Amino acid sequence: MCGICGFAGFRDDALLARMCAALAHRGPDDEGMIAHERVSLGHRRLAIIDLETGRQPIHNEDSSVFIVFNGEIYNYAELMSGLIARGHTFGSKSDTESIVHLYEDLGIECLSRLRGNFALALWDKNRETLFLARDRLGIRPLYYARLGNSLLFASEAKSILLSPGVSREINFHALDDYFTYLYVPAPKTIFSGISKLEPGQYLEWKNGNVRLETYWKLAVRQGRVPSLKDPSPAACREFLLPLMEETVKLHTVSDVPIGAFVSGGLDSSTVLSLLAGHSSSPVRTFTIGFEDGADFYDEREPARRIAELFGADHTEIVVKPDCAGLLPLAVSVFDEPFGNPTAILTYILARELKRHVKVALSGEGGDETFAGYPRYLGALLSRYYRRVPFPLRALLARTAALIPEDTAGRHAPRRLREFLTGNTLPPEEMYTLWVSYFDPHMRDRLYTPALKRSIGTYRAESFLLDLFAQVPDLDFLDRVNYVDLRSFLPCNEFEFDDKMTMAHGFEARAPFVDHVLIETMCEIPMAWKISRLKYKPLLRRAMEGILPPDILSRPKVGFNPPMGVWLKRDLKSLVASRLSREKLVKTGFFNYDYVRELLALHDSGRRDLSLHVWALLVFMEWYEQYVA
Numbered sequence: 029m030c031g032i033c034g035f036a037g038f039r040d041d042a043l044l045a046r047m048c049a050a051l052a053h054r055g056p057d058d059e060g061m062i063a064h065e066r067v068s069l070g071h072r073r074l075a076i077i078d079l080e081t082g083r084q085p086i087h088n089e090d091s092s093v094f095i096v097f098n099g100e101i102y103n104y105a106e107l108m109s110g111l112i113a114r115g116h117t118f119g120s121k122s123d124t125e126s127i128v129h130l131y132e133d134l135g136i137e138c139l140s141r142l143r144g145n146f147a148l149a150l151w152d153k154n155r156e157t158l159f160l161a162r163d164r165l166g167i168r169p170l171y172y173a174r175l176g177n178s179l180l181f182a183s184e185a186k187s188i189l190l191s192p193g194v195s196r197e198i199n200f201h202a203l204d205d206y207f208t209y210l211y212v213p214a215p216k217t218i219f220s221g222i223s224k225l226e227p228g229q230y231l232e233w234k235n236g237n238v239r240l241e242t243y244w245k246l247a248v249r250q251g252r253v254p255s256l257k258d259p260s261p262a263a264c265r266e267f268l269l270p271l272m273e274e275t276v277k278l279h280t281v282s283d284v285p286i287g288a289f290v291s292g293g294l295d296s297s298t299v300l301s302l303l304a305g306h307s308s309s310p311v312r313t314f315t316i317g318f319e320d321g322a323d324f325y326d327e328r329e330p331a332r333r334i335a336e337l338f339g340a341d342h343t344e345i346v347v348k349p350d351c352a353g354l355l356p357l358a359v360s361v362f363d364e365p366f367g368n369p370t371a372i373l374t375y376i377l378a379r380e381l382k383r384h385v386k387v388a389l390s391g392e393g394g395d396e397t398f399a400g401y402p403r404y405l406g407a408l409l410s411r412y413y414r415r416v417p418f419p420l421r422a423l424l425a426r427t428a429a430l431i432p433e434d435t436a437g438r439h440a441p442r443r444l445r446e447f448l449t450g451n452t453l454p455p456e457e458m459y460t461l462w463v464s465y466f467d468p469h470m471r472d473r474l475y476t477p478a479l480k481r482s483i484g485t486y487r488a489e490s491f492l493l494d495l496f497a498q499v500p501d502l503d504f505l506d507r508v509n510y511v512d513l514r515s516f517l518p519c520n521e522f523e524f525d526d527k528m529t530m531a532h533g534f535e536a537r538a539p540f541v542d543h544v545l546i547e548t549m550c551e552i553p554m555a556w557k558i559s560r561l562k563y564k565p566l567l568r569r570a571m572e573g574i575l576p577p578d579i580l581s582r583p584k585v586g587f588n589p590p591m592g593v594w595l596k597r598d599l600k601s602l603v604a605s606r607l608s609r610e611k612l613v614k615t616g617f618f619n620y621d622y623v624r625e626l627l628a629l630h631d632s633g634r635r636d637l638s639l640h641v642w643a644l645l646v647f648m649e650w651y652e653q654y655v656a
């Protein structure tokens with residue numbers, strides 16, 4: 029894993045050096061740059077594969093093609109073997125060099141042959157063309173900015189912001205997205221002058237002209253019939269285990285030691301079992317706990333048991349509630365507002381793991397791949413609930429506000445309230461309500477008239493509604509899964525995984541988001557993926573006899589900090605400082621009286637508004653660092 033940067037259309041060696049330096053945390057092992065009159069490429073290296081000769085930028089035999097690359101290509105040995113047989117000469121054993129030679133043979137179509145996660149920039153001198161590309165599912169980020177006929181790019185926005193020509197002006201549509209979803213979806217960023225490349229997309233720059241193309245689209249329920257004929261445990265094992273074993277084995281490609289995150293949950297336990305199955309030594313495993321006794325969030329005990337079961341060399345990391353100090357660090361790493369507080373835990377976990385290993389596997393993406401979110405169950409139940417006459421559903425929706433809030437960390441009351449309210453809306457709007465934080469009514473009260481004028485007629489909900497519109501003919505459950513794979517997974521989970529781990533020069537890998545596995549799972553009827561009111565039935569059946577019954581039946585517990593406790597105690601002074609009348613009014617964006625009302629509701633215990641308060645804190649910290 030690494031950091032890449034550069035530009036096309038001009039030459040500025042000093043700017044290139046500064047852009048590289050801004051990404052040093054992503055690649056603490058080495059730095060490399062090339063500068064031509066038309067294109068300059070920079071690279072910061074985290075050495076994982078080919079430690080001795082994998083230095084970047086890498087070029088082909090006649091130095092007509094150069095590349096800087098961030099990611100891992102897991103099938104590179106197979107690609108390399110075929111390329112050598114076709115007469116290509118390699119100067120390294122790097123996965124990156126296989127892309128250069130594959131490009132010589134196939135052009136940009138080479139992207140379809142890559143299995144892994146990546147963001148890359150490739151300069152073809154003969155064609156005077158620069159290509160930027162991002163992996164199919166958006167595991168690795170890539171930002172870019174256009175300045176007239178010129179183009180700048182980098183793994184993180186902070187590198188691009190070093191160019192004096194790039195505007196820091198706020199994109200107000202992105203601001204509305206942030207308060208709706210707690211993230212800013214691609215292609216937007218919070219900066220009006222910077223964009224994100226979308227998953228499965230490449231950009232071509234040639235003579236000042238830019239062209240964007242999609243090279244991969246997620247297809248749900250393709251025409252091919254999967255080999256899974258029935259959802260019995262034996263059939264699930266026969267079908268799923270070889271697929272999962274293959275992707276886990278591929279994700280162990282490394283020339284440095286590899287570990288694994290474990291929580292005692294189904295996904296990470298499955299990864300550990302498969303990893304231990306082909307490891308010649310005990311797997312290094314790691315889990316996280318909390319010093320302040322927030323037992324609901326503490327998974328040390330089940331993680332310890334699953335580690336012992338598979339003979340792992342296990343380490344427990346205890347977190348102290350030091351979020352007040354970590355908030356400015358996290359914001360500076362993200363470069364734009366990001367409101368999921370799980371990012372803080374990932375930051376701490378990566379910081380501690382880097383002392384032991386450079387790479388670790390996780391169960392990230394298992395909920396999207398195997399249908400593990402409560403909203404899938406809600407969508408299934410909605411199919412039957414909508415048969416209730418609309419007047420009765422409307423009455424139940426109006427009384428939903430009377431459901432008492434549970435601030436102990438359990439989400440059932442909020443889920444029930446959202447279910448009853450959402451089922452008076454079209455299904456797509458219902459889903460959007462479920463995954464929103466500041467809903468339209470809350471945003472209307474939060475924003476000042478001036479901010480509303482800046483946002484205009486834009487609706488943040490259009491991001492998800494447009495994704496639903498891409499698959500109109502599928503069953504609603506399949507459409508929800510498609511939308512999650514295109515939104516929550518790349519914009520939320522991958523965003524904080526990449527930024528928080530790379531802040532420490534640490535690489536996280538997620539075998540369950542291998543595109544081959546996901547494409548295969550998308551061929552299976554959703555009725556088999558969530559049935560009898562249980563999540564992930566296929567995965568549970570496949571792992572029967574391998575994982576203990578208590579792990580197979582354990583309810584889903586999110587990887588979340590006890591934010592409700594921290595906000596009322598450890599972060600109380602930070603809330604008072606960042607959300608003061610003076611600072612809120614200074615932005616011109618927020619209605620202070622409404623913010624005060626939200627804080628009072630949260631402090632009273634009548635509503636758990638932890639994520640809303642945290643989102644405001646993050647935004648105000650970002651504003652102080654990047655705008656004020």
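Residue numbers (the working numbering): 29 to 656.
Even glycine gets a Cβ: it sits at the ideal position worked out from N, Cα and C.
In this text, all values refer to a predicted model and were calculated from it rather than measured experimentally.
Do you know whose CA, among the options, lies nearest residue i's CA?
i      : options                           : result
GLY353 : GLY99, ALA628 and LYS600          : LYS600
MET530 : ASP41, HIS53 and ARG46            : HIS53
PRO369 : PRO419, VAL646, ARG196 and MET61  : VAL646
ALA262 : LEU639, ARG569, ARG609 and ILE558 : ARG569
VAL463 : SER515, PHE181 and HIS306         : SER515
ARG312 : LEU303, ASN235 and GLY37          : LEU303
THR157 : ARG239, MET108, LEU165 and ALA182 : ARG239
ALA388 : VAL93, PRO565 and PHE534          : PHE534
LEU203 : PHE618, THR315 and LEU629         : PHE618
ALA149 : ARG141, VAL96 and GLU197          : VAL96
PRO365 : LEU453, GLU392 and CYS519         : CYS519
SER581 : LEU567, TYR172 and SER490         : LEU567
HIS543 : ARG196, LYS245, CYS264 and ARG445 : LYS245
THR315 : SER301, VAL508, CYS264 and ASP341 : ASP341
PRO330 : ALA422, PRO577, ARG609 and LEU43  : PRO577
TYR563 : PRO553, PHE418, ARG624 and PRO583 : PRO583
Where does residue i sit, in a helix, a strand or coil, going by DSSP?
i      : result
GLU59  : strand
LYS562 : strand
GLY450 : helix
ASP341 : strand
HIS87  : strand
TYR401 : coil
VAL623 : helix
ILE76  : coil
GLU572 : strand
ILE218 : coil
MET47  : helix
VAL641 : helix
VAL346 : strand
PHE466 : coil
GLY681 : The requested residue 681 does not occur in the structure, where the chain is confined to residues 29 to 656.
ILE188 : helix
GLY406 : helix
ILE198 : strand
Tell me the DSSP bridge mates of residue i?
i      : result
ARG239 : GLU232
PHE418 : DSSP output for PHE418 lists no bridge partner at all.
GLU396 : GLU396 pairs with nothing; no bridge assigned.
TYR5   : This structure cannot speak to residue 5, because the chain is shown only from 29 to 656.
GLY34  : LEU69 and PHE181
ARG312 : GLY287 and ASP341
ALA388 : GLY287 and ALA536
GLY633 : Its beta-bridge partners do not exist; DSSP assigns none.
PHE618 : TYR475
Taking only beta-carbon positions, decide if residue i is within less than 7 Å of chain C.
i      : result
VAL128 : No chain C is present in this structure, which holds just one protein chain.
Could you say if the stretch 129–148 and the stretch 184–204 meet the contact criterion of at least three C-beta pairs nearer than 8 Å?
-> no
Counting only runs of 3+ residues fully inside the stretch 348–377, write out the beta strand (DSSP E) ranges in chain order.
-> none
Segments of 4+ residues assigned as alpha helix (DSSP H) that fall wholly inside the stretch 91–165 | 104–113 and 123–134
Three-pair Cβ contact test at 8 Å for the stretch 465–482 versus the stretch 496–513 = The stretch 465–482, when compared against the stretch 496–513, does not touch it at the 8 Å Cβ threshold.
The stretch 107–126 touching the stretch 81–88, judged by at least three CB pairs closer than 8 Å = yes
Which whole runs of the beta strand (DSSP E) in the stretch 579–616 are 3 residues long or more, in chain order?
-> none
Starting from the N-terminal side, write out each stretch of the beta strand (DSSP E) that is 3 residues or longer and does not extend beyond the stretch 493–544.
-> 535–537
When the Cβ atoms of the stretch 629–642 are set against those of the stretch 584–602, are three or more pairs found closer than 8 Å?
-> yes
Touch test, the stretch 401–417 against the stretch 453–461, Cβ-Cβ under 8 Å, three pairs minimum | yes
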